[in-house]
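In the working numbering, the protein residues as written are 55 to 206. For reference, the structure discussed in these notes is given below.
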Amino acid sequence: MRQPRQGDSLWVLGDYYTFKLSSAESIGALAIVELTAFPQNGPPPHVHGREEESFYIMDGTFSVLAGDQTVEAGPGALVHIPRGTLHTYKNIGIRPGRVLVTLTPGGFENFWREIGEPGGIDSGPPVPSEGIIQRVMALAPKYHLEIPAPPH
């Protein structure tokens with residue numbers, strides 16, 4: 055059992071990730087991560103080649119791109135992203151929002167562990183480390199992650 059605020063935590067691209075269940079603990083079946091997303095933040099559009107990803111919104115309002123559809127999701131909403139689908143999310147609220155992210159199968163959470171930075175949530179997001187974008191792009195193939203170039 056993990057209580058609130060329990061679990062290894064890292065800053066990942068300006069958001070705070072708390073690892074609630076790892077793939078190692080589920081024999082590879084899944085991973086569950088509690089994400090605290092800060093206003094106007096979210097990852098670039100991307101595609102998972104291996105995992106399905108689901109977002110359960112616990113607090114806040116998010117814009118979620120799934121394929122060619124963008125939806126607004128608030129507390130209690132669940133957005134499921136099938137593998138191979140271009141997607142992203144963005145906290146469109148004025149306060150930090152919280153999302154429970156489920157990955158099936160597990161394993162992708164290790165990408166976040168590789169690019170994340172230590173620190174407590176109360177200290178606020180650290181200044182992005184030098185070369186973070188290059189690290190993300192270098193690790194992407196290892197985790198079957200595709201980050202398409204933005205349209206012109």
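A virtual CB, placed ideally from N, CA and C, is assigned to each residue, including glycine.
Backbone secondary structure at residue i - three-state DSSP
i, result
"Gln123", "strand"
"Val181", "coil"
"Leu84", "coil"
"Leu140", "coil"
"Ile201", "coil"
"Glu168", "helix"
"Gln57", "coil"
Rounded separation between residue i and residue j - CA only
i, j, result
"Gln188", "Leu132", "32 Å"
"Leu12", "Leu140", "Residue 12 cannot be examined here, being either before or after the span of the chain that is shown, 55 to 206."
"His198", "Arg104", "6 Å"
"Leu84", "Thr156", "7 Å"
"Val125", "Phe162", "24 Å"
"Asn95", "Val181", "14 Å"
"His100", "Ala203", "10 Å"
"Ser76", "Thr158", "11 Å"
"Tyr143", "Thr115", "10 Å"
"Glu194", "Trp166", "This sequence places Ala at residue 194; Glu is not what is there. C-alpha separation (whole angstroms): 11 Å."
"Ile148", "Gly138", "31 Å"
"Gly61", "Pro205", "37 Å"
DSSP beta-bridge partners of residue i
i, result
"Asn145", "Phe116"
"Thr158", "Glu106"
"Phe92", "Paired residue(s): none; Phe92 is not in a bridge."
"Tyr71", "Leu64, Leu89"
"Arg152", "Thr90, Asp113"
"Val101", "Glu200"
"Leu132", "Tyr110"
Inter-stretch contact (C-beta, 8 Å, three-pair minimum) for the stretch 171 to 185 and the stretch 104 to 113: No contact exists between the stretch 171 to 185 and the stretch 104 to 113.
Take every Cβ of the stretch 167 to 182, pair it with every Cβ of the stretch 116 to 125, and state whether three or more of those distances are shorter than 8 Å.
At 8 Å Cβ cutoff, the stretches do not touch.
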